[in-house]
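Numbering (this note's numbering), first residue to last: 1022 to 1224.
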């Protein structure tokens, strides 16, 4: 398994002419994931968190390191463990397992082989691959918007949730929203995001 400390190093390595079916698949994956590769380059700069990238045959694993609180659902106790996360180091639902066909049984087998070579606690986020054993983490939820207005949505909420949301909306009445293009997203923007995350109750 090949290991890279930058996504640029991985992309350059994948582009080298090796004339194998693996290299053709890797080039195809890199082409398909160009937008995410640009995002990963930015994240290496604004959110360095021990990112590492692995190539196993024709599979790419996007990883980063995090201290995971194994008792995160317990109010008063903390037990943080260094963990390798397979996923993107940002809160989006993209998988950190890149392969030409994640549904394929052979791909699943290769991913499991690659994961067994990694040392320490490893958590795979947002993958459609079914892994053996009891290994579920947080559920995925799909919100089906059957409401015709935001007020109708509010009225359908339980009163305690509605009250919390109304309080939050009042606190944010003076906020203004501005869309920033990726080229204008700076380290200062990311630091604002991090300051909010640090004040959050979870994790």
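Glycine residues also receive a C-beta, built at the ideal position from the N, C-alpha and C atoms.
As the structure is a computational prediction, the values presented were derived from the model and not from experiment.
I'd like the span of the beta strand (DSSP E) that includes residue 1087, first residue to last. 1080-1090
Exposure label - residue 1224; buried when at least 16 CB within 10 Å: Only weak support exists for where residue 1224 lies, its pLDDT of 49 falling under 50; the coordinates are left without a value.
Would you call the segment 1040-1053 and the segment 1095-1109 touching, i.e. three or more CB-CB distances under 8 Å? no
Residue(s) in a DSSP beta bridge with residue 1071: Answer by DSSP bridge pairing: none, since residue 1071 is not bridged.
For residue 1220 and residue 1211, the rounded distance between their alpha carbons: 15 Å
Residue 1144 - containing beta strand (DSSP E), residue span: 1143-1145
May I have a chain-ordered list of the alpha helix (DSSP H) segments no shorter than 4 residues that lie completely inside the segment 1176-1214? 1180-1192
Go to residue 1107, then tell me how far its beta strand (DSSP E) extends in each direction, as first and last residue. 1101-1107
So if DSSP puts residue 1119 in a beta bridge, which residue, or which two residues, is it bridged to? 1081
Sort 1040, 1190, 1146 and 1041 by Cα distance to residue 1084 and report the nearest one. 1146
For the beta strand (DSSP E) that contains residue 1024, what are its first and last residues? 1023-1025
Starting from residue 1129, trace the alpha helix (DSSP H) in both directions and tell me its first and last residue. 1126-1138
Span separating the alpha-carbon of residue 1059 from that of residue 1132: 24 Å
Would you call the segment 1039-1049 in contact with the segment 1187-1198, where contact means no fewer than 3 C-beta pairs closer than 8 Å? no
Which stretch, first to last residue, makes up the alpha helix (DSSP H) that contains residue 1028? 1028-1036
Terminal residues of the alpha helix (DSSP H) in which residue 1047 lies: 1042-1053
Quick one, which of 1076, 1041, 1121 and 1179 has its alpha-carbon nearest residue 1138's? 1076
Measure the beta-carbon distance from residue 1061 to residue 1028 and round it to whole angstroms, keeping in mind my assumption that it falls under 8 Å. 4 Å
Judging by CA-CA distance, which residue of 1106, 1090, 1204 and 1196 is the nearest neighbour of residue 1141? 1106
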